[in-house]
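K.L.:
The structure that follows is given in the form of structure tokens.
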Amino acid sequence: MKFKKDNKKSNAKIQVKPVVEKDIIEEYFYMLPVEVTVRELGEAIHCVPEDTKEIWIELDLMEIVMAADSLIFENMMDTFTEAGDQEFLNAKGVKVAYAVSYNTKDKAEVKKVLEELHRVFGGFMASDTED
2 MKFKKDNKKS NAKIQVKPVV EKDIIEEYFY MLPVEVTVRE LGEAIHCVPE DTKEIWIELD
62 LMEIVMAADS LIFENMMDTF TEAGDQEFLN AKGVKVAYAV SYNTKDKAEV KKVLEELHRV
122 FGGFMASDTE D
């Protein structure tokens, strides 16, 4: 059996699907060497419009509305109850720790906020691990 070669060009069009960036939430701890309230954090941030910041004093929580999602700061000092946690905090001179969560789509904006806070208060970012 012989096959005939079809010399006709295909009119089929290849559809290319756009790359869709997934929503990924990153979570870290902002460890500070000084006692800082959530209100003071908010007051130190000038790289985002004031109307994008919302502070809940009674919850010790701040939300900053970004392009894709919100950047959240929440005081987590009362969750560090284990001896190992306390040893780490004392060794690093941490006076207050805030959980920080954000959508990776907002990474560039978040970086500006964190750099601004670091210039004012110092401190460092840390991540939670199993150990």
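In the working numbering, the protein residues as written are 2 to 132.
Just so you know, even glycine gets a beta-carbon here, dropped at the ideal spot from N, CA and C.
No experiment lies behind these values; they were computed from the predicted model shown.
Could you check if residue 30 is buried or exposed, using at least 16 other CB atoms within 10 Å of its CB as the buried criterion?
P.N.:
Stepping through the sequence shown from its first residue, residue 30 is reached at position 29. Buried, because 16 or more other Cβ atoms sit within 10 Å of the Cβ of residue 30.
K.L.:
What first and last residue would you give for the beta strand (DSSP E) that runs through residue 60?
P.N.:
As a working note, residue 60 is residue 59 in the sequence shown. Unbroken run through residue 60: none, as it is neither H nor E.
K.L.:
I need the DSSP call for residue 97, collapsed to helix, strand or coil.
P.N.:
Sequence index remark: in the sequence shown, residue 97 carries index 96 (1-based). Correct three-state label for residue 97: strand.
K.L.:
When the distance is taken between beta carbons, is residue 46 closer than 9 Å to residue 105?
P.N.:
Mapped onto the sequence shown, residue 105 falls at position 104. Mapped onto the sequence shown, residue 46 falls at position 45. The answer is no: Cβ separation not under 9 Å.
K.L.:
Going by alpha carbons, who is nearest to residue 72 out of 124, 52, 114?
P.N.:
For the purposes of this step, residue 72 is taken as the residue at position 71 of the sequence shown. If we check each option's Cα against that of residue 72, 114 comes out closest.
K.L.:
Have a look at 77, 59, 40, 55 and flag the residue whose alpha-carbon is nearest the alpha-carbon of residue 32.
P.N.:
Start at 1 with the first residue of the sequence shown, and residue 32 comes out as number 31. Ranking the options by Cα distance to residue 32, first place goes to 77.
K.L.:
Are residue 37 and residue 122 closer than 9 Å when you measure CB to CB?
P.N.:
The count along the sequence shown starts at 1 and reaches residue 37 at position 36. The count along the sequence shown starts at 1 and reaches residue 122 at position 121. Yes, they are a contact pair.
K.L.:
Counting pairs of beta carbons, one from the region 54–70 and one from the region 86–96, are three or more of them closer than 8 Å?
P.N.:
With a cut-off of 8 Å, the region 86–96 and the region 54–70 do not count as touching, because too few Cβ pairs lie within range.
K.L.:
So residue 75 is in the beta strand (DSSP E); what residue range does that whole segment cover?
P.N.:
Here residue 75 corresponds to residue number 74 of the sequence shown, with the count starting at 1. Where residue 75 is concerned, the enclosing beta strand (DSSP E) stretches over 71–76.
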